[in-house]
Amino acid sequence: MSNQTIDALNDVTKTLIDSQKGYEFACEQCDDSYRLRARFHQYANDRKELAADFQNEVRKLGGEPVTSGGTTGAIHRVLTEFSSLFRDDEKAALAAIDDGEDHLRSEIESKLERDQLTQQARELLQRAHASATEGERFADCMEDADA
């Protein structure tokens, strides 16, 4: 059970780190909007704390926690940066966040389907899922407000 739990937590940790970096990138893109910058900074900090909690749980289970994001997240940030050349920076950042939150939520849902998770891991995944769902709702609301 521990190895499956460790693998699940490490997989999501990579995506949480990518999400944190994505929100930090979005902060840089939205320098004219204090409201957006503050929210993006809040979400970046939330993801940093979640990633640290996931890493601590992996250590408790005797595993080695991941400390960097994945390749997919890096590619996504490059594509977002490229698309912002052709679109309003805030709109590009919001679209990227919406996509990233959807990816994070889907990944967590697939991990929650596993039977072999510890109760603590399941609770961490549920916290991360709630955070991703809230982040996606925020991005959707902001995109709708711009429409």
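First residue of the sequence shown? That's 966 in this note's numbering, and the numbers climb one at a time after it. Using N, Cα and C, we set each Cβ at its ideal position, and we do this for glycine too.
How about residue i and residue j: do their beta carbons lie closer than 7 Å?
i	j	result
L974	A1086	yes
I1073	A1093	yes
V1031	I971	no
E1066	A1097	yes
R1012	Q985	yes
Express the C-alpha separation of residue j and residue i in angstroms, rounding to a whole number.
i	j	result
S915	Q1081	Given a span of 966 to 1112 for the chain in the structure shown, any question on residue 915 remains unanswerable.
L1001	E1108	12 Å
Y988	N1010	9 Å
E1099	F1019	19 Å
T1083	S1075	15 Å
Q969	A1095	22 Å
S1033	L1069	15 Å
A1104	R1004	10 Å
K1056	N1021	35 Å
L981	E1078	19 Å
Q1007	V977	19 Å
E1088	L1026	15 Å
S998	A1110	14 Å
Using CA coordinates, which residue listed in the options is at the minimum distance from residue i?
i	options	result
A1058	C992, T980, A1097	C992
E1101	E1088, Q1091, A1060, E1029	A1060
E1029	K979, Q1091, C1106	K979
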